[in-house]
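**Student:**
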């Protein structure tokens with residue numbers, strides 16, 4: 037049996053649950069070790085049932101291992117679930133409270149017999165997903181490698197007159213030829229004052245001389261994501277930009293240097309945030325320092341001042357301090373970090389910053 | 037005041053609600069007439085509060101009209117919502133039961149005073165969104181136009197040896213230069229037997245001679261989407277493919293011919309489904325005939341055998357019959373339809389099929 041399903045079996049025992057109903061596509065992808073969409077999974081002591089609709093059943097049969105029984109959803113997922121629960125004599129099942137809408141919960145409650153207990157669970161699979169295995173690290177490393185190449189490619193085509201969306205077009209084409217499945221999220225190309233919006237929507241604006249360009253991008257390699265940011269400058273760098281850039285860069289480096297297993301996420305956030313605040317730019321760094329990356333671009337752990345849990349081996353996350361001066365410009369420098377038994381590895385380390 | 041908000045005011049009165057809490061990004065985009073992300077909206081008699089985090093406040097200030105008060109989320113959205121409810125003396129609010137997780141609902145319930153009644157609502161904004169105005173139709177038409185051009189471009193580069201992902205790369209680049217913000221969804225390029233999976237994940241497979249290639253793609257133009265499918269053939273067409281193609285094409289045409297205002301969606305679905313079944317391929321057409329398109333690629337109305345509501349003026353939807361022969365190939369022909377007072381308009385009509 038697949039070791040991830042084995043872990044769920046352990047959790048079922050621990051939580052005295054008969055079965056676990058999984059509704060998050062990413063969690064299902066993780067447990068089935070495949071790319072899953074529009075599906076549901078029921079893991080019980082007796083086996084795994086993979087529910088999907090007619091668009092995917094044939095594909096699923098080719099991809100999933102023998103331990104998954106594929107069932108076509110006919111009427112509604114909850115009708116199918118009710119039948120499976122009856123067949124397996126389940127008396128209580130855990131469900132993912134963060135991945136089921138209030139409406140879906142109501143429907144589920146209505147379709148299942150009253151005697152069946154529904155137990156809200158939280159982050160069961162997400163917690164497992166934090167510890168990446170060698171295979172996952174290899175895919176993420178590949179995703180980061182493609183992104184690093186894409187930044188080098190982007191740097192070559194940046195010039196006054198080209199539009200933000202055109203830069204995105206060229207880079208997106210490039211990553212596909214490098215073997216990426218697609219971009220991990222809409223590529224952000226933010227020029228001039230647009231860079232002061234941390235999550236700018238890439239626009240038709242033309243790049244201009246004597247302005248910065250912030251690029252935030254990642255790719256999907258066999259389901260695993262990357263996420264990196266670099267900020268470039270076209271033409272003559274202004275003293276304010278130079279100063280802000282140096283502060284962000286040092287915050288990025290200090291945070292990375294202070295990383296080690298068992299360090300708390302909040303400590304790392306504080307290092308970068310304290311440094312930026314110490315230089316008078318604290319109010320211009322509004323977002324958290326980083327986030328986990330894996331099957332999702334944003335997943336556990338969060339690297340924020342509120343997260344005091346210690347960082348553990350196998351974690352993959354970003355370190356991305358930024359300073360955003362409204363109406364002027366923004367600078368963000370985002371790296372990706374592997375925390376392993378051997379120490380800190382920076383797969384994006386070869387990319388200039 | 038913006039007419040969409042006015043309609044919500046009417047609904048509030050009708051449903052005896054003090055306010056409406058909107059958590060769907062697409063519904064917020066619709067009501068604010070902007071592209072909205074990571075935000076929430078509270079519409080009450082007294083005004084609209086737009087909640088977002090520090091990454092977006094500056095951008096929102098530049099984009100939203102004066103009728104929206106922008107509030108930065110500090111701790112959690114539900115803490116901010118509680119303060120707003122108190123400030124405005126609200127005694128009951130509607131929320132979107134399909135767009136709030138069970139976990140979020142629990143949090144909301146906990147943060148808000150017990151005396152405040154929470155009323156689940158469904159499809160309030162989605163129903164309004166079905167009737168597109170001239171401005172929306174113009175954007176969708178532009179999105180369809182870019183997609184039509186992209187199909188013509190794609191047809192030129194299809195040849196044995198090119199990989200599915202490379203076709204996607206070239207087409208994605210092309211649409212950005214045509215003014216699209218991005219692809220509306222992961223472009224599907226499905227060659228040979230891959231075309232028998234209705235929602236194939238575009239792969240590294242090389243196109244081969246004497247095989248079909250199915251391309252399903254759409255673009256995002258200023259937030260509005262398109263969605264079209266064409267199936268091509270490289271080389272010598274087999275008699276089975278020719279037969280299947282002709283049946284799908286005729287099903288597509290018959291369905292479109294039977295469209296008119298007040299027709300039921302289920303009737304249209306039946307026309308295409310009956311025709312395909314009549315030729316013995318009924319079991320190979322598993323999905324519904326079509327779906328609405330607008331701010332989302334899939335939105336109301338559904339064109340399925342289960343939807344007996346009449347089609348009304350202003351609706352935009354797809355007609356996309358398909359036949360998928362497992363392990364062999366699939367054919368789908370998808371057009372987009374505008375249903376207007378003047379009749380049926382097919383913005384993708386100029387594209388060969």
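Protein chains in written order, with this note's numbering: chain A, 37 to 389; chain B, 37 to 389.
Every residue, glycine too, gets a C-beta built ideally from N, C-alpha and C.
How would you call residue 391/A, buried or exposed, if buried means at least 16 neighbouring beta carbons within 10 angstroms?
**Tutor:** This structure leaves residue 391/A out entirely; chain A is present only between 37 and 389.
**Student:** Please report how far the alpha carbon of residue 117/B lies from the alpha carbon of residue 217/B, in whole angstroms.
**Tutor:** One C-alpha to the other measures close to 32 Å.
**Student:** Mind checking who residue 184/B pairs with in its DSSP beta bridge?
**Tutor:** Partner(s): none; residue 184/B has no beta bridge.
**Student:** Ignoring anything shorter than 3 residues or poking outside the stretch 232-269 of chain B, list the beta strand (DSSP E) runs there in chain order.
**Tutor:** Counting whole runs of 3 or more residues, the stretch 232-269 of chain B contains the beta strand (DSSP E) stretches 247-253, 255-257.
**Student:** I'd like to know whether the C-beta of residue 232/A is nearer than 8 Å to at least one C-beta of chain B.
**Tutor:** By this cut-off, residue 232/A is an interface position.
**Student:** With residue 75/A and residue 92/A assumed to form a contact (beta carbons below 8 Å), what rounded beta-carbon distance in angstroms separates them?
**Tutor:** Confirmed, about 7 Å.
**Student:** If I follow the unbroken alpha helix (DSSP H) through residue 153/A, where does it start and stop?
**Tutor:** Per DSSP, residue 153/A belongs to no alpha helix (DSSP H); it is in the beta strand (DSSP E), 153-157.
**Student:** Would you identify the three-state DSSP class for residue 329/B, choosing helix, strand or coil?
**Tutor:** It is coil, neither helix nor strand.
**Student:** What are the boundary residues of the beta strand (DSSP E) that includes residue 86/B?
**Tutor:** 83-88 is the span of the beta strand (DSSP E), which, as asked, contains residue 86/B.
**Student:** Starting from the C-beta of residue 348/B, find all residues in its chain whose C-beta is less than 8 Å away, skip the five residues before and the five after it, and write them out in chain order.
**Tutor:** For residue 348/B, where only same-chain residues beyond five positions count, the Cβ hits under 8 Å are 166, 167, 297, 298, 375.
**Student:** Would you mind stating whether residue 172/A and residue 86/A have Cβ atoms separated by less than 8 Å?
**Tutor:** Not in contact: residue 172/A and residue 86/A (Cβ atoms no closer than 8 Å).
**Student:** Please name the residue in 159/A, 321/A, 342/A, 383/A whose C-alpha comes closest to that of residue 112/B.
**Tutor:** That would be 342/A, whose Cα lies nearest to the Cα of residue 112/B.
**Student:** Whether or not the stretch 177-194 of chain B and the stretch 213-228 of chain B are in contact is what I'm after, with contact meaning three or more pairs of Cβ atoms, one per stretch, closer than 8 Å; do they touch?
**Tutor:** Yes, the stretch 213-228 of chain B is in contact with the stretch 177-194 of chain B.
**Student:** How would you call residue 170/B, buried or exposed, if buried means at least 16 neighbouring beta carbons within 10 angstroms?
**Tutor:** Exposed.
**Student:** Do you know whose CA, among 384/A, 223/A, 68/A, 334/A, lies nearest residue 391/A's CA?
**Tutor:** One cannot answer for residue 391/A here, as it falls past the ends of chain A, which runs 37 to 389.
**Student:** Scan the stretch 320-339 of chain B for residues whose Cβ lies nearer than 8 Å to a Cβ of chain A and list them as they occur along the chain.
**Tutor:** Residues passing the 8 Å Cβ filter: 322, 323.
**Student:** Could you give the residue range of the alpha helix (DSSP H) that holds residue 116/A?
**Tutor:** From DSSP, the alpha helix (DSSP H) with residue 116/A extends over 113-123.
**Student:** Excluding five sequence neighbours on each side, which residues of the same chain lie with their C-beta closer than 7 Å to the C-beta of residue 133/B?
**Tutor:** Closer than 7 Å at Cβ, skipping near neighbours: 156, 157, 158.
**Student:** Starting from the beta carbon of residue 135/B, find every residue of chain A whose beta carbon is closer than 8 Å, and list them in chain order.
**Tutor:** Those within 8 Å of residue 135/B in chain A are 137.
**Student:** Looking at C-beta atoms only, is the number of pairs between the stretch 318-338 of chain A and the stretch 53-69 of chain A that lie closer than 8 Å three or more?
**Tutor:** Flag = yes, the stretch 318-338 of chain A and the stretch 53-69 of chain A touch.
**Student:** Verify the CB distance criterion: does residue 162/B have a CB-CB separation below 8 Å to chain A?
**Tutor:** Not closer than 8 Å to any Cβ of chain A, the Cβ of residue 162/B fails to qualify, so no.
**Student:** Give me the subset of the stretch 346-362 of chain B whose CB atoms are less than 7 Å from a CB atom of chain A, sorted by chain position.
**Tutor:** Cβ contacts with chain A come from 362.
**Student:** Determine the direct distance from the alpha carbon of residue 203/B to that of residue 210/A, and round the result to whole angstroms.
**Tutor:** Whole-angstrom Cα-Cα distance: 12 Å.
**Student:** Less than 8 Å between C-beta atoms, sequence neighbours within five positions excluded: which residues of the same chain meet that for residue 364/B?
**Tutor:** Cβ neighbours of residue 364/B beyond the five flanking positions: 229, 232, 276.
**Student:** DSSP three-state call for residue 165/B: helix, strand or coil?
**Tutor:** It is helical.
**Student:** Given this structure, state the Cα-to-Cα distance separating residue 287/B from residue 281/B, to the nearest angstrom.
**Tutor:** Distance between the alpha carbons of residue 287/B and residue 281/B is about 10 Å.
**Student:** Would you say residue 344/A and residue 300/A are within 8 Å of each other, going by their C-beta atoms?
**Tutor:** Against a cut-off of 8 Å, the Cβ pair of residue 300/A and residue 344/A comes out as a contact.
**Student:** Per DSSP, residue 78/A forms a beta bridge with which residues?
**Tutor:** Paired residue(s): 57/A, 85/A.
**Student:** Below 8 Å on C-beta distance, what does residue 91/A contact in chain B?
**Tutor:** Those are 233, 234, 235, 322, 323, listed as they occur along chain B.
**Student:** Is residue 115/A near the ligand GDP, going by C-beta to nearest heavy atom under 7 Å?
**Tutor:** What this structure holds is no ligand at all, so the ligand GDP is not there to describe.
**Student:** Would a C-beta distance cut-off of 8 Å place residue 352/A and residue 339/A closer than the cut-off?
**Tutor:** No; because the gap between Cβ atoms is not below 8 Å, this pair is not in contact.
**Student:** Would you identify the three-state DSSP class for residue 51/A, choosing helix, strand or coil?
**Tutor:** Note: residue 51/A maps to coil in three-state DSSP.
**Student:** For residue 57/B and residue 239/A, I'd like the C-alpha separation in whole angstroms.
**Tutor:** Cα to Cα, residue 57/B sits roughly 30 Å from residue 239/A.
**Student:** I'd like to confirm the pairing. Which residues does DSSP put opposite residue 104/B in its beta bridges?
**Tutor:** Partner(s): 84/B.
**Student:** Taking Cβ-Cβ distances below 9 Å as the criterion, which residues of the stretch 147-171 of chain A are in contact with chain B?
**Tutor:** If the cut-off is 9 Å between Cβ atoms, the stretch 147-171 of chain A has 156, 158 near chain B.
**Student:** Which first and last residues belong to the alpha helix (DSSP H) in which residue 213/A is found?
**Tutor:** 200-213 is the span of the alpha helix (DSSP H), which, as asked, contains residue 213/A.
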